[in-house]
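In what follows, a structure is listed as structure tokens, so that the remarks can point back to it.
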Amino acid sequence: MRVEVFADVICPWCYIGKRRLSAAVAGIAEPPEVVWRSFQLDPEASTVPGETADVLMAQWWADRAAQRVAQIKVIGAGDGLELNLHTARPVNTFDAHRVLHLAGEHGRQDQAWERLLRGFHTEGENIADPGTLVRLGADAGLPKDDVHDVVNGDAYARAVEADRQRAAELGVNGVPSLVAGDGTPFSGVQPVDDLRWLLSS
Numbered sequence: 001m002r003v004e005v006f007a008d009v010i011c012p013w014c015y016i017g018k019r020r021l022s023a024a025v026a027g028i029a030e031p032p033e034v035v036w037r038s039f040q041l042d043p044e045a046s047t048v049p050g051e052t053a054d055v056l057m058a059q060w061w062a063d064r065a066a067q068r069v070a071q072i073k074v075i076g077a078g079d080g081l082e083l084n085l086h087t088a089r090p091v092n093t094f095d096a097h098r099v100l101h102l103a104g105e106h107g108r109q110d111q112a113w114e115r116l117l118r119g120f121h122t123e124g125e126n127i128a129d130p131g132t133l134v135r136l137g138a139d140a141g142l143p144k145d146d147v148h149d150v151v152n153g154d155a156y157a158r159a160v161e162a163d164r165q166r167a168a169e170l171g172v173n174g175v176p177s178l179v180a181g182d183g184t185p186f187s188g189v190q191p192v193d194d195l196r197w198l199l200s201s
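Position 117 (the sequence shown) corresponds to 117 in full-length UniProt numbering; numbering is contiguous.
See the structure below:
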């Protein structure tokens with residue numbers, strides 16, 4: 001079975017979902033093929049970092065923001081993640097997704113997602129910066145020259161757009177969303193045992 005994962009690097013729930021998906025898949029005798037799909041939460045975002053994630057959340061959720069931020073950090077910590085919403089600055093993820101498609105060509109997509117997610121959410125990296133993407137891509141095992149060529153050209157732009165169209169066709173409107181086989185989208189943020197059951201049934 002194939003499982004499509006729609007995610008964006010700037011979403012903390014996607015980092016949590018990835019960690020749980022990895023744990024769920026590891027416990028399946030015949031694990032499904034995992035295919036990562038690009039889903040930009042804000043295609044119009046700037047490549048220049050602005051306010052931090054916690055400040056933006058305060059603008060969205062007002063009095064509930066502090067509680068929501070604390071909740072995300074606690075849930076992330078429960079999955080072994082350090083989510084620093086006070087240093088993560090959301091940016092345009094188009095180039096990051098193009099690098100992730102390159103990683104797929106090299107069989108390093110899982111490693112590249114992990115490195116970019118950690119870079120953004122834990123280390124406060126600007127994942128729209130070409131030099132940063134080259135460095136993080138190399139950390140994930142990608143050839144530096146290949147990553148450099150991608151971020152300085154237009155390779156995989158059509159692949160990112162194709163993923164957007166795929167999401168629309170399937171009715172995906174949020175992340176992380178999983179689609180198992182020919183099924184309907186469901187949330188990727190679920191207990192590991194529940195995910196394992198959904199992916200092995």
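Idealized CB from N, CA, C, for every residue including glycine.
Only a predicted model underlies this, so the values are computations on that prediction, with no experimental measurement involved.
Determine the DSSP secondary structure at residue i, reduced to helix, strand or coil.
i, result
"L199", "helix"
"E105", "helix"
"R2", "strand"
"F117", "Residue identity check: residue 117 is Leu in the sequence provided, not Phe. Correct three-state label for L117: helix."
"A7", "strand"
Between which two residues does the alpha helix (DSSP H) holding residue i run?
i, result
"L170", "A157 to L170"
"I72", "A65 to G78"
"Q59", "A53 to W61"
"P130", "P130 to D139"
"D146", "K144 to V151"
In the DSSP assignment, the beta strand (DSSP E) including residue i goes from what residue to what residue?
i, result
"D38", "First, the amino acid is wrong: residue 38 is Ser here, not Asp. Its beta strand (DSSP E) spans residues E33 to S38."
"S22", "Note, S22: premise wrong, no beta strand (DSSP E); alpha helix (DSSP H) at P12 to A26."
"V179", "S177 to A180"
Rounding to the nearest angstrom, what Cα-Cα distance links residue i and residue j in this structure?
i, j, result
"P31", "V25", "6 Å"
"H121", "S200", "30 Å"
"G107", "E4", "16 Å"
"N92", "A180", "28 Å"
"R164", "G171", "11 Å"
"E123", "L85", "10 Å"
"L41", "P130", "20 Å"
"A167", "E125", "27 Å"
"G119", "A138", "13 Å"
"S22", "D154", "31 Å"
"E114", "C11", "13 Å"
"N173", "G104", "23 Å"
"M57", "V160", "26 Å"
"D145", "H97", "17 Å"
"G76", "Y15", "8 Å"
"R89", "R135", "18 Å"
Here's the rule: buried if 16 or more other CB atoms are within 10 angstroms of the residue's CB, otherwise exposed. What is residue i?
i, result
"R158", "exposed"
"Q59", "exposed"
"A62", "exposed"
"D54", "buried"
"W197", "exposed"
"P143", "exposed"
"S46", "exposed"
"Q67", "exposed"
"V48", "exposed"
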